[in-house]
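Colleague:
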Ligand code: ARG
C-alpha cells in the first residue's frame with residue numbers, strides 16, 4: 001500500500017529487533033468500521049516480549065497521519081481506518097499509485113488457436129484472462145509481450161492436406177468455411193481408416209522434411225486460417241504482439257534432440273526418445289516413429305524465446321486439463337538445464353451450458369466464438385432495440401468478458417445470457433451503466449472541478465462508503481497482479497459501481513441546495529469515473545459512450 005509502505009516498514013523493523021522476521025501484509029478488515037487489517041502478530045501471542053512490541057506498534061501507528069483510527073484486539077489483530085483526507089490527496093492519480101518498483105519482463109502465451117479449426121468457446125477464457133493479465137501487468141509497469149502461439153504444425157495439418165488430396169479438392173479455391181468442414185472430417189477419417197492414417201503420416205513426415213509442394217499447400221491453409229482468426233479476434237477486441245507458432249520452431253527440434261542425447265538427458269526406449277528425468281509417467285520426447293510431440297514443440301519454443309525475446313518470466317494461460325503437460329514442460333526445462341527463467345501455468349476451468357455440460361451448438365459441435373458473439377449481440381439488441389451497432393458490439397464484448405472474468409479462473413461456470421445481461425445483476429451491463437450515469441452527471445453539471453476543495457465535514461454516509469470503497473483499489477490490484485487472478489478486480493468493479501449507485505440514487509445531486517455538498521459529490525464522482533475506467537482497462541473492457 002503506497003501511502004502505508006512506511007508504516008509497514010516501521011513495523012517490520014520493530015519486529016526484527018525482537019528477532020521476528022515478518023513481511024507485513026494488509027488485508028481487508030472483517031470489521032465494518034475499519035478498512036484494513038494486519039494479521040501478522042496473531043501468531044506471536046505467547047512471544048515473551050509481545051506486550052512491549054504491541055506498545056511500540058501503537059506508538060508507530062499513532063504517528064502515521066494516514067491512519068485515522070485503529071484498534072489492536074486481544075488476539076493482536078490490528079484494525080486500521082484510513083484518514084479520508086490524506087487518502088484522497090495521494091490517490092488522486094491512481095495510475096501512478098499502482099506502479100510497482102521492480103518491474104519484470106513477461107511473455108504472455110495465450111489464445112493458442114489451431115489452424116484449420118475455428119476459434120471456439122474453449123478459447124474464450126484464455127483470451128479474456130490473457131488480455132486482462134497483459135493489461136494489469138502493463139499498468140503495474142511490467143514489460144509485457146503477448147504471443148498467440150499458433151497451433152500451425154503437425155498431424156492436424158497433415159490430415160487436412162491428406163483429405164484435400166484424397167478428395168481432389170482444389171486448395172486454391174478453398175474458403176474458410178470449406179476448411180472448417182474439412183478438419184473434423186479428416187480427423188474422423190484418420191481414426192477410422194488405416195490407409196488414410198498411413199497416408200497422413202507420410203505427409204507429416206514429408207512436411208517435416210520441407211517438401212516444397214506440401215509447404216506451399218500448408219502456407220495457403222495457414223493464410224486462410226489466420227485471416228479468419230484475425231477477423232474474429234478483431235471483433236472481440238484482441239491484439240497480439242507476437243504471431244509465432246509451432247511451425248516457427250519445428251526446425252530447432254533435431255538439434256535439440258541431438259543435444260539432449262549427447263548430454264545423456266534422454267534415452268531411446270522402444271524407438272521413442274524418453275527423458276531420463278525420474279517421473280511417473282515417463283516424459284516422452286519423441287514418438288516411436290520419430291515424430292514430435294506437443295511437449296517437444298513447447299521445448300523448442302522456449303529455446304527460440306530465450307534466443308529472441310528478453311524475458312524473466314513466461315505465463316501460459318491454458319486450460320487446466322493441460323496441467324500434466326505444463327508440469328512435464330517445467331520439469332524438463334529444469335532437468336535439461338535450460339537457462340533459468342520463471343514459468344507458470346495460469347490454468348482455468350471450463351465454460352458449461354445451463355445443465356452443466358460442455359458448451360456445444362444445437363448440432364453438438366463446439367460452439368464457435370463468432371456465433372457466440374453474434375448471439376450475444378442479438379440478445380442485447382432484443383432487450384434494447386435502440387442501441388447503435390458500435391454500442392451493441394461493445395456491450396456484447398463486455399458481457400462475454402465480464403461474466404467470464406468475475407468467476408475465479410479455476411472454477412467452471414455455466415453460460416447463461418439471461419443472467420449475464422441483467423442490468424441490475426452482478427454483470428458487465430451493470431458496471432457499464434453506472435459509469436455512463438456518472439459521466440452524464442458530471443457533464444450535465446457543467447462545473448469545472450479543478451481547484452475545488454472537498455468539504456470533509458459535509459460528507460454523508462453514502463459518500464463515505466464510496467470513498468471507503470475507493471481506498472481498496474491498490475489492495476485488489478495487487479491481489480490480482482500477484483496471483484494472476486482478474487476476478488478480484490471484476491468483483492471490486494461491481495462493488496464500486498454499487499457504492500456509486502447508492503450515492504447517486506440517494507438524492508438529486510444537481511438540485512442540492514448546499515453548494516459544498518453538491519461539489520463534494522461531483523468530486524467523488526470524478527474519482528469513481530477514473531477508478532472505474534481504470535478497472536475496465538484492467539479487465540479488457542471498453543467503456544460505452546451511452547446506453
Ligand atoms: N494450441 C494449443 C491447444 O489448442 C494451445 C497452446 C498453448 N500454448 C502453449 N505454449 N502450449 O491446446
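In our numbering, the protein residues as written are 1 to 547.
Glycine included, each C-beta is placed from N, C-alpha and C at the ideal position.
(1) Can you name the start and end residues of the beta strand (DSSP E) that residue 575 belongs to?
(2) Where does residue 571 land, buried or exposed, given buried means 16+ other C-beta within 10 angstroms?
(3) So the alpha helix (DSSP H) residue 198 belongs to, where does it begin and stop?
(4) With which residues is residue 69 paired in a DSSP beta bridge?
(5) Quick one: residues in its chain with C-beta nearer than 8 Å to the C-beta of residue 549, no 5 flanking neighbours on either side, listed in chain order?
(6) Leaving aside the five residues before and after residue 492 along the sequence, list all residues of the same chain whose C-beta is less than 6 Å from its C-beta, in chain order.
(7) My understanding is that residue 535 touches residue 489, with C-beta atoms under 8 Å, so please give their C-beta distance in whole angstroms.
(8) Rounded C-beta distance between residue 300 and residue 256? I'm assuming under 8 Å.
(9) The beta strand (DSSP E) spanning residue 27 covers which residue range?
(10) What does residue 114 pair with, by DSSP beta-bridge criteria?
(11) Answer yes if the segment 413-433 comes into contact with the segment 452-467, meaning at least three C-beta pairs across the two stretches below 8 Å, and no otherwise.
(12) Taking three-plus beta-carbon pairs below 8 Å as touching, is the segment 97-116 in contact with the segment 138-146?
(13) Going by beta carbon distance, what residues of the same chain come within less than 8 Å of residue 239, once the five residues before and after it are set aside?
(14) If contacts are defined as beta-carbon pairs under 8 Å, then residue 497 and residue 430 qualify, I think. What distance do you get, rounded to the angstrom?
(15) Alpha carbon to alpha carbon, what distance is there between residue 104 and residue 34?
(16) Say the cut is 7 Å; is the CB of residue 298 nearer than that to a heavy atom of ligand 1?
(17) Cβ of residue 301 within 7 Å of any heavy atom in ligand 1?
(18) To the nearest whole angstrom, what separates the beta carbons of residue 551 and residue 379, a pair I think is in contact under 8 Å?
(19) Compare the beta carbon distance of residue 14 and residue 50 with 8 Å and say whether it is the shorter of the two.
(20) Would you say the beta carbon of residue 413 comes nearer than 7 Å to a heavy atom of ligand 1?
(21) Roughly how many angstroms lie between the CA atoms of residue 408 and residue 487, to the nearest whole one?
(22) Excluding the 5 residues preceding and the 5 following residue 222 in the sequence, name in chain order all residues of the same chain whose CB lies nearer than 6 Å to its CB.
(23) Please confirm whether residue 409 has its beta-carbon closer than 8 Å to some beta-carbon of chain D.
(24) Put residue 480 into one of helix, strand or coil per three-state DSSP.
(25) Which two residues bound the contiguous beta strand (DSSP E) that contains residue 38?
(26) Assuming the contact rule is C-beta atoms closer than 8 Å, residue 503 and residue 432 should be a hit. Round their C-beta distance to whole Å, please.
(27) Note down the Cα distance separating residue 416 from residue 356, rounded to an integer number of angstroms.
(28) Taking the CB atoms as reference points, tell me whether residue 387 and residue 381 lie closer together than 8 Å.
(29) Excluding sequence positions up to five away, which residues of its chain have a Cβ less than 6 Å from the Cβ of residue 241?
(30) What are the start and end residues of the beta strand (DSSP E) that includes residue 325?
(31) Which term fits residue 271, buried or exposed, when burial requires 16 or more other beta carbons within 10 angstroms of its beta carbon?
(32) Confirm, please, whether the CB-CB distance from residue 30 to residue 36 is below 8 Å.
(33) By how many angstroms is the C-alpha of residue 188 removed from the C-alpha of residue 466?
(34) Does ligand 1 have even one heavy atom less than 7 Å from the beta-carbon of residue 112?
(35) Mapping the DSSP letters down to three states, classify residue 134 as helix, strand or coil.
(36) Take residue 276 as the anchor and find which of 287, 508, 17, 261 has the nearest alpha-carbon.
Modeller: Reading off the structure:
(1) Because the chain spans 1 through 547 in this model, residue 575 falls outside it and cannot be assessed.
(2) Because the chain in this structure spans residues 1 to 547, residue 571 falls outside the shown range and cannot be described.
(3) For this step, residue 198 is matched to residue 198 along the chain shown. Taken as a continuous stretch (DSSP letters only), the alpha helix (DSSP H) holding residue 198 covers 194-208.
(4) Here residue 69 refers to the residue found at position 69 of the chain shown. For residue 69, which the question treats as bridged, DSSP gives the partners 81.
(5) Here the chain comprises residues numbered 1 to 547, so residue 549 is not present and cannot be evaluated.
(6) Here residue 492 refers to the residue found at position 492 when the chain shown is read from its first residue. The residues are 476.
(7) By 1-based counting over the chain shown, the position of residue 535 is 535. By 1-based counting over the chain shown, the position of residue 489 is 489. That belief holds up - the Cβ atoms of residue 535 and residue 489 are roughly 6 Å apart, short of 8 Å.
(8) Numbered from 1 along the chain shown, position 300 holds the residue referred to as residue 300. Numbered from 1 along the chain shown, position 256 holds the residue referred to as residue 256. At roughly 6 Å, the Cβ-Cβ gap stays under 8 Å, so residue 300 and residue 256 are in contact.
(9) Taking the chain shown and counting its residues from 1, the one referred to as residue 27 is at position 27. 26-28 is the span of the beta strand (DSSP E), which, as asked, contains residue 27.
(10) Taking the chain shown and counting its residues from 1, one reaches residue 114 at position 114. Paired residues: 151.
(11) By the Cβ test, the segment 452-467 is not in contact with the segment 413-433, since fewer than three Cβ pairs between them sit closer than 8 Å.
(12) yes
(13) Within the chain shown, numbered from 1, the residue matching residue 239 stands at position 239. Cβ within range, chain order: 146, 233.
(14) Here residue 497 corresponds to residue number 497 of the chain shown, with the count starting at 1. Here residue 430 corresponds to residue number 430 of the chain shown, with the count starting at 1. With a Cβ gap of about 6 Å, residue 497 and residue 430 count as contacting.
(15) As a first step, residue 34 must be located in the chain shown, where it is residue number 34. As a first step, residue 104 must be located in the chain shown, where it is residue number 104. Cα to Cα, the separation comes out at about 34 Å.
(16) As a first step, residue 298 must be located in the chain shown, where it is residue number 298. Yes, Cβ of residue 298 sits closer than 7 Å to a heavy atom of ligand 1.
(17) Against the chain shown, residue 301 aligns to sequence position 301. It does: the Cβ of residue 301 is within 7 Å (strictly closer) of some heavy atom of ligand 1.
(18) Shown here, the chain extends from 1 to 547; a query on residue 551 therefore has no answer.
(19) Against the chain shown, residue 14 aligns to sequence position 14. Against the chain shown, residue 50 aligns to sequence position 50. No.
(20) Along the chain shown, read from residue 1 onward, the residue named residue 413 stands at position 413. No, Cβ of residue 413 sits at least 7 Å from all heavy atoms of ligand 1.
(21) Against the chain shown, residue 408 aligns to sequence position 408. Against the chain shown, residue 487 aligns to sequence position 487. Answer to the nearest angstrom: the Cα atoms are 6 Å apart.
(22) Walking along the chain shown from the start, residue 222 turns up at place 222. Within the same chain, residue 222 has close Cβ partners 115, 152.
(23) Within the model displayed, chain D is absent; a lone protein chain is all it includes.
(24) Along the chain shown, read from residue 1 onward, the residue named residue 480 stands at position 480. Three-state result, residue 480: helix.
(25) Here residue 38 corresponds to residue number 38 of the chain shown, with the count starting at 1. Where residue 38 is concerned, the enclosing beta strand (DSSP E) stretches over 36-38.
(26) As a working note, residue 503 is residue 503 in the chain shown. As a working note, residue 432 is residue 432 in the chain shown. Not really, about 18 Å apart at Cβ, beyond 8 Å.
(27) Within the chain shown, the letter at position 416 stands for residue 416. Within the chain shown, the letter at position 356 stands for residue 356. When rounded, the distance between both Cα atoms is 11 Å.
(28) Here residue 387 is taken as the residue at index 387 of the chain shown, counted from 1. Here residue 381 is taken as the residue at index 381 of the chain shown, counted from 1. Contact flag set, yes.
(29) Translated into positions along the chain shown, residue 241 becomes position 241. Excluding residues within five positions, the ones whose Cβ falls inside 6 Å are 145, 146.
(30) Along the chain shown, read from residue 1 onward, the residue named residue 325 stands at position 325. It is not in any beta strand (DSSP E) - residue 325 instead sits in the alpha helix (DSSP H) that spans 323-335.
(31) Position 271 of the chain shown, counting from 1, holds the residue named residue 271. Exposed, by the Cβ-count rule.
(32) On the chain shown, residue 36 is found 36 positions in, with the first residue counted as 1. On the chain shown, residue 30 is found 30 positions in, with the first residue counted as 1. It is not a contact, given that the beta carbons lie outside the stated cut-off.
(33) Working through the chain shown from its first residue, we reach residue 466 at position 466. Working through the chain shown from its first residue, we reach residue 188 at position 188. Rounded to whole angstroms, residue 466 to residue 188 spans 57 Å at the Cα level.
(34) Here the question's residue 112 lines up with position 112 in the chain shown. Because some heavy atom of ligand 1 lies under 7 Å away, the Cβ of residue 112 counts as near it: yes.
(35) Counting from one through the chain shown, the residue named residue 134 turns up at place 134. Three-state result, residue 134: helix.
(36) Locating residue 276 in the chain shown gives position 276, counting from the first residue. The residue with the shortest Cα to Cα distance from residue 276 is 261.
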